[in-house]
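Asks:
Numbering (full-length UniProt numbering), first residue to last: 1 to 876.
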């Protein structure tokens, strides 16, 4: 329930020295009067539109600019929004006018020129409305639990915000311009006030409970404002702005009011706001000051303005325990009715120009730079009856609630609330003006993902409407990519709409504009990818089709439909790229048999890898030669002229393919396929098979001999020694046909016991005594020695070799020397004979020495035996 107005006319006035009792307000004996219903009514009517309240002067200044500049100005929403406040009782504007107001964290208060006070909570829930003064309320203050008002009727009224019965009045006989409560008023009952008397009066109760007044300053003109920051009091009068410590009872700082012939200190009253607990912004005339109060850490239980007491101790002056710094001072080119901290080192100022001497212009809300006073933005506020207002009729209140600031522009006859646009407000502003991209950009912080996605769609639709296909393509990716996984419904919606837009591009023949932005994560509906590929096939853009097939998995599109489209196209025209598209699809879809067929058409050597990996050669025996010859692009007749190492390298994969399929393709088929100049491939194939599976090649050893003779003679001898299932006579015949194969022929002769033929070949063909001697030695045939000696007597080289190897022919050496024909010259014969003689002498000397040693040892043993026998010992 709202409290009824209280008439204080019958209240007693207390003397200035406080000897009389205080005025008692709100007691049951007080006379009351009815409240006009319009005063009680909390108007719920709608607010006026912003266009009726303010005009943006920045826009007005640019009326002469071209249209493009105006369009740029409209690209961003206004910084502030405006609406007329309808929560204050209508009678305050219709039959009364506001003289003062207060905006704090817990209380809003509005005083009128008739002495009426309206208390509300910050949400404008009415606490009560009542009459507490007989004339204008010039000052309202609160410390949280109590309010205080000062009036031109000379009284100060202090009361509990919640308890309507707890209210007191104080009469100072002279108009009160300012009042402020001690922060612990509930316990100290201390406040400071001042007005036309020019005194700054600290009022408190002494230990007897009587009121006492202490004058902190006087004789410096009317007091036009009093405020506190913690326990620092500051007031404004003709002397300027004075800061005073209530603890040390010293003046901390004085800022004189700037000399101005037009503006006296008492002509325009200062307005003060507190951006932080230790800072104060003072607006006065055309000037704005910002102060910072440094609060010490001294623990003092009497740390409040009521700590000033009248006692002998008051003569002791302490050292100032507070420091006040002037952080900023700027002068504007207009009168300032209030300023509040804005964002990014800016002030929001209520400024008023005076274009003529008698009247003020409409008020303006200016956003200015805190350092140099530069105007960054200006709004002219169309306040009711502004032509009849003075600067003191305006008030700027600030309240921060739920994370955003509200600025209240209050005049005598009007109340306007201005709010900084929230992100949500900006979002709505952009949407209303179809500026969907900017709305979408900030939507992530304002609306849910689905709402943001819908706005993104509106942006895309607007681009498509303008036929801006390239920008729309970029927008599609940007909008849909930012939708995060999590909500299944949202993801399904995203995939559906993303595909829909791509299909729209394809339908309008703008697939090229969107193709690079087609996603694979997430995967869209398969019809999207199928339609894109078919559109490029129809348009003959086969390179683009092939590129996409390499990038996309075959599960993305309808394989059968796409194969049919390509095959139909190939029937009308042969194109390598298009056939490669077919190959790519077959490969991705694991259709390897048709894949090999298509690769063979293009003679693609990579088909060998496919055949190897999937063991498919047996399916293409009819094309065996064609497949094996794929790595060679020249005439096959030239293959047999190539070095074996080159052939082995070129056809390594082909040979491997044949070897891997040796069980599925008969060797006879390979032999029949690779004849003539291709026999080298057959040889390489048989050679590999012989290593991996020797028994498989055993029936074809005769063929292998001819292949070795043709392509790899150096390994033929090893083959002949290793293998035994070949026809030796046929092998001898083949080797006899090639003069270079004498080693192989020697081996073959010896293999069948024809040692004399083999030895004759060694002697006649090789003329190699050493090999001949070794051959005879290995044969273990004594007759062969005689054959060798007889066959060699007319060959000096062999005679010399026989003499040099006399150890082999010890007994026959003399006979051999005697049998050497006299007409044969043997080089080094003398030396050989001397060597033999010397060796014989040495052997004879060695033998004689051995015989002597044996003889001596025998004699010694016999002597020992005879000695023992003489002793008669029996030896068993």
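A virtual CB, placed ideally from N, CA and C, is assigned to each residue, including glycine.
#1: When you compare only the Cα positions, how much space is there between residue 557 and residue 461?
#2: I need the straight-line Cα distance from residue 240 to residue 201, nearest angstrom please.
#3: Locate the alpha helix (DSSP H) running through residue 171, then write down its first and last residues.
#4: Using the Cβ count rule (16 or more neighbours within 10 Å means buried), how would you classify residue 236?
#5: Could you tell me which residues DSSP pairs with residue 128 in its beta bridges?
#6: So what does DSSP say about residue 524, is it helix, strand or coil?
#7: Just list the residues that DSSP pairs residue 399 with in beta bridges.
#8: For residue 748, which residues in the same chain have their Cβ closer than 8 Å to its Cβ, ignoring the five residues on either side in sequence?
#9: Would you kindly check if the distance between the Cβ of residue 149 and the Cβ of residue 179 is under 8 Å?
#10: Would the beta-carbon of residue 269 fall within 8 Å of that of residue 392?
#11: On the criterion of 16 or more Cβ atoms from any shown chain inside 10 Å, does residue 299 qualify as buried, or is it exposed?
#12: Output needed for residue 612: all residues of its chain with C-beta closer than 6 Å, excluding positions within five of it in sequence on either side, in chain order.
#13: For residue 85, which residues from the same chain have a beta carbon less than 6 Å from its beta carbon, with the 5 sequence-adjacent residues on both sides left out?
#14: Would you list, in sequence order, the uninterrupted alpha helix (DSSP H) runs of no fewer than 4 residues that lie entirely inside the region 543 to 626?
#15: Please classify residue 389: is it buried, with 16 or more other beta-carbons within 10 angstroms of its beta-carbon, or exposed?
#16: Have a look at the DSSP bridge pairing and note the partners of residue 419.
#17: Please list, in chain order, all residues of the same chain as residue 624 whose beta carbon is under 6 Å from its beta carbon, the five residues on each side excluded.
#18: Just checking, does the region 319 to 334 make contact with the region 277 to 297 on the three C-beta pairs under 8 Å criterion?
#19: Can residue 744 and residue 717 be called in contact, C-beta distance under 8 Å?
#20: Buried or exposed: residue 663, going by 16 or more other Cβ atoms within 10 Å of its Cβ?
#21: What residue range does the alpha helix (DSSP H) around residue 733 cover?
#22: Could you give the distance in angstroms between the alpha-carbon of residue 93 and the alpha-carbon of residue 177?
#23: Taking 8 Å as the cut-off, does the region 598 to 606 touch the region 563 to 572 (at least 3 CB pairs, one atom from each stretch)?
#24: In the DSSP output, which residue or residues are listed as bridge partners for residue 331?
#25: What is the DSSP secondary structure of residue 672, counted as helix, strand or coil?
#26: Looking at the secondary structure, which residues open and close the beta strand (DSSP E) in which residue 275 lies?
#27: Can you give the Cα-Cα distance for residue 260 and residue 435, rounded to whole angstroms?
#28: Using the beta-carbon count (16 or more within 10 Å), is residue 165 buried or exposed?
#29: Please classify residue 686: is it buried, with 16 or more other beta-carbons within 10 angstroms of its beta-carbon, or exposed?
#30: Can you list, in chain order, the residues of its chain whose CB lies under 7 Å from that of residue 428, leaving out five sequence neighbours each side?
#31: Can you grab the Cα-Cα spacing for the pair residue 592 / residue 431, in whole Å?
#32: Would residue 308 be called buried (16 or more neighbouring beta carbons within 10 Å of its own) or exposed?
#33: In the DSSP output, what is residue 339 paired with across the bridge?
#34: Span of the beta strand (DSSP E) holding residue 235?
#35: With 16 other CB atoms within 10 Å as the buried threshold, where does residue 578 fall?
#36: Using the beta-carbon count (16 or more within 10 Å), is residue 412 buried or exposed?
Replies: The relevant details are as follows:
#1: 27 Å
#2: 17 Å
#3: That residue, residue 171, is in no alpha helix (DSSP H); its beta strand (DSSP E) goes 167 to 171.
#4: That one is buried.
#5: 119
#6: coil
#7: 406
#8: 720, 728, 731, 732, 735
#9: yes
#10: In terms of Cβ geometry, residue 269 and residue 392 form a close pair [threshold 8 Å].
#11: With a pLDDT of 43 at residue 299, under the threshold of 50, the modelled position of this residue cannot be trusted, and the question is left open.
#12: 657
#13: 415, 417
#14: 559 to 572, 576 to 588, 592 to 601, 607 to 614
#15: buried
#16: 81, 406
#17: 673
#18: yes
#19: yes
#20: exposed
#21: 728 to 736
#22: 22 Å
#23: Taking 8 Å as the limit for Cβ pairs, the verdict is that the region 598 to 606 does not touch the region 563 to 572.
#24: DSSP output for residue 331 lists 287 as bridge partner(s).
#25: helix
#26: Note, residue 275: beta strand (DSSP E), 271 to 276.
#27: Roughly 49 Å separates the two Cα atoms.
#28: exposed
#29: buried
#30: none
#31: Rounded to whole angstroms, residue 592 and residue 431 show a C-alpha spacing of 55 Å.
#32: Residue placement at residue 308 is poorly supported in this model, since its pLDDT is 49, which falls under 50; the coordinates still yield a value, given next. Answer is buried; the Cβ neighbour count reaches 16.
#33: 349
#34: 232 to 237
#35: buried
#36: buried
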